[in-house]
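Working notes, structure below.
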Amino acid sequence: MIWIIPAFAGLLIVYLAARFSRFRRFAEPIVTLAVAVGLIAAFIVWLTDDSAKSTADQPEIVATEPVVAPGAIALTDLSIAQGTPATTHNLTAMIRNDSTLGIDYFTLVVTMQDCPNEVCTTIGEDEALILARLGPGQSQQIRTTLIFPVSPLSPPTAIRWQYRFEKIRTAQ
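Sequence positions in the sequence shown follow this note's numbering and run 182 to 353.
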């Protein structure tokens with residue numbers, strides 16, 4: 182609420198400067214100095230602000246909710262088909278929750294590799310946020326679209342897929 186005083190003073194100065202030309206010649210250098218002092222004060226406050234602490238001073242974050250191990254989630258009937266355009270791939274699979282906790286969502290990270298003669302080259306990796314509210318022991322079909330930088334000039338000849346689960350969020 183302290184901002185009301187400078188706002189009222191500013192309105193008064195603008196009114197008097199518009200009304201009286203002699204006041205305008207007197208007020209212009211004073212207002213310029215006041216704005217400069219205000220900007221310098223704001224810069225000093227910004228430099229000495231204590232709320233921007235270094236990350237070393239931050240306490241370690243501890244998980245407060247139960248954690249589902251990535252091994253407790255299983256993908257079955259995995260199918261990845263090339264879509265249109267050629268850089269998109271449509272993934273369908275059955276997800277099964279083998280943990281004792283419910284799952285709200287998780288991130289599925291899929292890696293596309295080209296493995297001719299068993300020498301693999303990673304083509305790309307994509308992440309998909311999967312919203313699958315699964316209770317313990319439940320299964321559900323999932324579908325998502327993945328994007329990989331496949332060149333139409335040199336398409337992969339022996340595609341191999343790898344996947345992993347990250348950021349698994351349990352149901353509360």
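Ideal Cβ placement from N, Cα and C applies to all residues, glycine included.
Note that the structure is a prediction, hence the values are computed from the model and not measured.
- Your pair Y286 and L259 does not check out as a contact, with CB atoms roughly 19 Å apart and the cut at 8 Å.
- An exposed status is given to M182, since fewer than 16 other beta-carbon atoms sit within 10 Å of its beta-carbon.
- T268 and R324 have their C-alpha atoms spaced approximately 17 Å apart.
- A residue is called buried once 16 or more other Cβ atoms fall within 10 Å of its Cβ, and I284 is buried on that count.
- The continuous alpha helix (DSSP H) containing W227 extends over residues S202 to L228.
- Secondary structure of A250 (DSSP, three-state): coil.
- Minimum Cα-Cα distance from L327 among the listed residues G219, E308, A313 and W342 corresponds to E308.
- Within the segment 267-319, the runs of beta strand (DSSP E) that reach at least 3 residues and sit entirely inside it are, in chain order, 269-278, 284-295 and 302-315.
- Judged by beta-carbon spacing, V291 lies within the 9 Å limit of L272, meaning their Cβ atoms are closer than that value.
- Residue pairing from DSSP leaves Y196 without any beta-bridge partner.
- In the DSSP annotation of this structure, the continuous segment of the beta strand (DSSP E) that includes W342 starts and ends at I340 to T351.
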